[in-house]
Every structure is written in C-alpha cells, then in structure tokens.
Amino acid sequence: MGPDRTIALWKRLEGVLASGRWNPTQGVLFHDHGTYPLLAQRGQGGRMWDTSGGEFVDWMMGWGPVVLGYRHPAVETAIRDQLAEGPLLSLTHPLEIEVAERIRSMVPCAEGVAFGKNGSDALALGVRIARAHTGRELVLHYGYHGFHDWYMAGIAQCQGMPESLRSTIQPFTYNDAGDLERLLLENKGRVAAVVMEAARDQEPTPGYLQRVRDLTRDHGCILIFDEILTGFRVARGGAQECYGVVPDMAAVGKALSNGMPLSALCGRAEFLYTIARVGYGMTYRGETLSLAAAKATLDIIANEPVTDRLATIGEALRTAFQSSAVDHGIDARLTGPSARLAIWIDRHGRLSPLAQLSLLIQEFLKHGVLSNGSFLPCYAHDDRDLEQTRIAFDRGFETLARARQANTLVGFLTTPGIAIKYGDDEAMH
2 MGPDRTIALW KRLEGVLASG RWNPTQGVLF HDHGTYPLLA QRGQGGRMWD
52 TSGGEFVDWM MGWGPVVLGY RHPAVETAIR DQLAEGPLLS LTHPLEIEVA
102 ERIRSMVPCA EGVAFGKNGS DALALGVRIA RAHTGRELVL HYGYHGFHDW
152 YMAGIAQCQG MPESLRSTIQ PFTYNDAGDL ERLLLENKGR VAAVVMEAAR
202 DQEPTPGYLQ RVRDLTRDHG CILIFDEILT GFRVARGGAQ ECYGVVPDMA
252 AVGKALSNGM PLSALCGRAE FLYTIARVGY GMTYRGETLS LAAAKATLDI
302 IANEPVTDRL ATIGEALRTA FQSSAVDHGI DARLTGPSAR LAIWIDRHGR
352 LSPLAQLSLL IQEFLKHGVL SNGSFLPCYA HDDRDLEQTR IAFDRGFETL
402 ARARQANTLV GFLTTPGIAI KYGDDEAMH
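Here the sequence shown is numbered in the numbering used here, starting from 2 and rising by one per residue.
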C-alpha cells in the first residue's frame, strides 16, 4: 500500500468509472502536488485510511451515514448473523417489520413506514404521494433532496431535464415565513407539498417551523421533512423531535443503518397507506443485511446516549474552530445543529468564501483531518480525534490568514478549488 498503488488504481478508475470520483469534494481531479486523498481503503471508529496508507480523522463518515463509527461490533455481528439466512428473499422478512416498528417508536410522525435504498428514493415517493393525494403538482422546497427529476428540475445547470418539469418546483427562503406565505398565496390551490430540511447550515428561529406547519395546513398542502441527515442524529426522533414540530411525512436514511444502504419514508397513515396508488416498488427494498444493520443501529441509538454524544462532540468542534478563527483574526464559524456542522466564512477582498474554504480543507488534510467543509460527528470520535482536529484548525487558519493578507491563493492553494454543488465553479471566481 502506497502512492504507486494509488496512482495505478487511479489510472484504472479513469478508464472504467463513468461516475468519476468519490472524494471530499466530488470535484477534485488527480493533481501531481495535491493533498486530497483519492481512494479509501478502510475505516475504524472515527478514522479512515486511504490506499496510500494515509490516516485521517474522518468528519464526513461516508457523507453522514456512519453515525456509530466504522466497524461497530454490534452492527457487524448483526450483518454476519443475517447473512446465514440470505441477503434477499422472495417474501417479506420479519426484519422489515421489526425495523419499521422501531422507526415508528422513535419518529413522531411515523404511523406507517416504506423502505427504499437512498434518500432520493424516499423523497421521490413522498412527493409522488403528495401529488396523488392533493391532485396538485407544484412543490416548494428548501435544501438538497437528491438526484430525481422532481427536485433536479429546479437546478438550472442540470442537463437532460424535460422543460415541462422546470415549473413544478420553486425554492423558498429558510427562516422567512413571509416568503413561504407569499409563494403559497401566489400559487393558491397549486401547491402539493412543502419539502424542506428542517435544519441545514442554519437552525430554525423560534416559531419558524410551527409557522410553516400552520401555513401548509391552511393551504391544504402536505409538509414533508427531509430528515435524511437529521434523522436519528440531532435527536433520536430527528429534527421533528428536536424542534417540536411534526410533519405529515419525513424521509430518513443516513443514520438509519450505520453505512448500509437503507432509507425510509414514514408518516401519517392516511398518506403512507396510499402507496399502492403511486406505483412504488423496489427489488432491493427488503434486502436483509441492511435491515439487520438498521435494527442493531436503532437499538443502540434508542438505548445509549448516542445523540447526546454527537452534540457534545459537535459543540467541542464549534468551540475549537471559533477559538482558532478569532486567534487569527478571521470571521468564520461552524454553523448549524451541533450534530451537523458546516463552515461559514466571510468574503475577504478578492477571496470568495468558497475559495477560502478550499484552502482550509487542503490545510486540514495536511494535518490528517478529512472534511469537505461539513463536520458530522460519530459516536466513536474521541478526545484524540478532537485534539488532532483542533491542531488542524489552528494550522489551517494560520495559512489562511497569510493568504488573506496577500489577498491571493497563489502560492497557497496547490490543488484545484472545490466544487461541491452546481454553480460552485462560478462562485470560485
């Protein structure tokens, strides 16, 4: 294991993987002098090793799903035990019932549960149910909701999208109930659903989510919380438990099975039990290894202080980040719920926030800390991980302070800038 092996693997990747890379930014190409790890080899606890032997404190944790930490023994045992009975059978396995019952006991809105394999599946199903139930087509949304057409139709840069779908989705401004109310009034009788992440890089202001709940009821549309990231993470019952507002339906997934592929749409019975009307079906919905992992994961979350630990780790990260930023005279902070944090940084002269974020990510990696600008604590992260990350924060801000003083990234950023989502390439400049 070493750099030569990584380069050889990379050449093979470029010749066969049409989907490209899976790395901290999903947009970095191979670069001779880069610091980005290219290919993962293994994980343990809160750490990841790449194919060159590099070791990193991992704050991405598989982009969020690995909430207990890599290779949690109870989850691995559950998968091994289930493998003896078969990973996919021709009828519903009892595990599907058992996991659904656990979700119902934890998530406030969950009277019924339907399984999928990723967040895009669950949210597409929720939107289809909402449209079938209301007889309307327009969806108002906030946040990111996967790759299916109903959502990506609202992304102008996304090609291959039927133009007829472009008018079926509109964004609204988070923490601004007046903006949502305006859109509902302008489109009176046309809105099927309001789909939103209840907390993303901001938390809801007091009363905001309740006002959203009231507006959707007043206008006869369905409220769907995208809890793919917040579910079982910000609280056992997700954002709806944390903030005390219950939607009609919610999609959960990333913390459901500690890295195994599983998601679920859950919600009120009057919506979930109309699923037969909307043509939903997936061959691998009842795949038993993921369900076994989910059963073990949910039992641990229900019976151990997992969400409390995530919050404690997140607040320690927030404090360390803020302290380093202040020490180096930079206006930057970690925003969002403590179990789901993201870097915010102000523009400085010619340096955009995204450009500065690119430099920070690079410098963190030099000190063995893996992040794409987000920090998603897991149950296994420990004091050693926090201390290494604190040092990386300090070194990163030290370099950024010098770049800001020079008002350039030339000589500081040795890899291409990051591009996490559509439009970031333009924002870099």
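We put the beta carbon where it would ideally sit given N, CA and C, even for glycine.
For residue i, the three-state DSSP class (helix, strand or coil)
i, result
"V196", "strand"
"E112", "coil"
"E204", "coil"
"M250", "strand"
"F376", "strand"
"R405", "helix"
"L40", "coil"
"V58", "strand"
"Q171", "strand"
"S264", "strand"
"R341", "coil"
"H134", "helix"
"I276", "helix"
"T231", "coil"
"I301", "helix"
"Y285", "coil"
"L257", "coil"
"V67", "coil"
"V370", "strand"
"Q158", "coil"
"G397", "helix"
"G190", "coil"
"G117", "strand"
Residue range of the beta strand (DSSP E) that includes residue i
i, result
"E228", "I223 to E228"
"L361", "Not the beta strand (DSSP E): L361 falls in the alpha helix (DSSP H), residues P354 to K367."
"M107", "Unbroken run through M107 is the alpha helix (DSSP H), P95 to M107; no beta strand (DSSP E)."
"D51", "R48 to D51"
"L335", "A333 to T336"
"L141", "L139 to Y143"
Other residues of its chain near residue i: CB distance less than 7 Å, five sequence neighbours each side excluded
i, result
"R132", "E138 and A193"
"T174", "D180"
"S291", "S258, M261, P262 and L263"
"E288", "P88 and L89"
"D150", "M162 and L166"
"L96", "T289, L292, A293 and K296"
"C379", "G47, M62, V67, V68, L69 and G70"
Cβ neighbours of residue i in the same chain (closer than 6 Å, five flanking residues each side left out)
i, result
"L257", "L263 and A295"
"V253", "E228, G232 and A265"
"T320", "none"
"A101", "V114"
"L126", "L266 and Y281"
"G436", "Shown here, the chain extends from 2 to 430; a query on residue 436 therefore has no answer."
"I223", "A131, A194 and D249"
"A270", "E112 and G113"
"R334", "Q323 and W345"
Outcome for residue i when other beta-carbon atoms lying within 10 angstroms are tallied against a minimum of 16
i, result
"M2", "exposed"
"S339", "buried"
"Y209", "buried"
"Q45", "exposed"
"T78", "exposed"
"G70", "buried"
"R13", "exposed"
"M283", "exposed"
"G120", "buried"
"P205", "buried"
"N373", "buried"
"Y442", "Because the chain spans 2 through 430 in this model, residue 442 falls outside it and cannot be assessed."
"R351", "exposed"
"D386", "buried"
"S91", "exposed"
"G55", "buried"
Where the alpha helix (DSSP H) containing residue i begins and where it ends
i, result
"P4", "P4 to V17"
"Y244", "A240 to Y244"
"A184", "The sequence shown places Leu at residue 184, not Ala. That run of the alpha helix (DSSP H) goes A178 to E187."
"V307", "V307 to D328"
"M153", "D150 to M153"
"V76", "P74 to L84"
"D347", "From DSSP, D347 is part of no alpha helix (DSSP H); its letter is neither H nor E."
"R214", "Y209 to D219"
For residue i, the nearest candidate out of the options (CA to CA)
i, options, result
"G337", "Y285, E399, A199 and R103", "A199"
"F57", "V196, T416, F376 and L366", "L366"
"D332", "H94, F226, G65 and S353", "S353"
"P207", "R405, C243 and V195", "C243"
"I344", "M197, S168 and G397", "G397"
"A240", "Q203, Y152 and I276", "Q203"
"A236", "T313, R403 and A277", "T313"
Contact set for residue i: own chain, Cβ-Cβ below 8 Å, skip 5 residues either direction
i, result
"T7", "L39, L40, D51, T52 and S53"
"Y274", "G113"
"Q389", "V58, H368, G369 and V370"
Closer than 7 Å: residue i CB and nearest the ligand ATP heavy atom
i, result
"T93", "The ligand ATP is not part of the structure shown, which contains no ligands of any sort."
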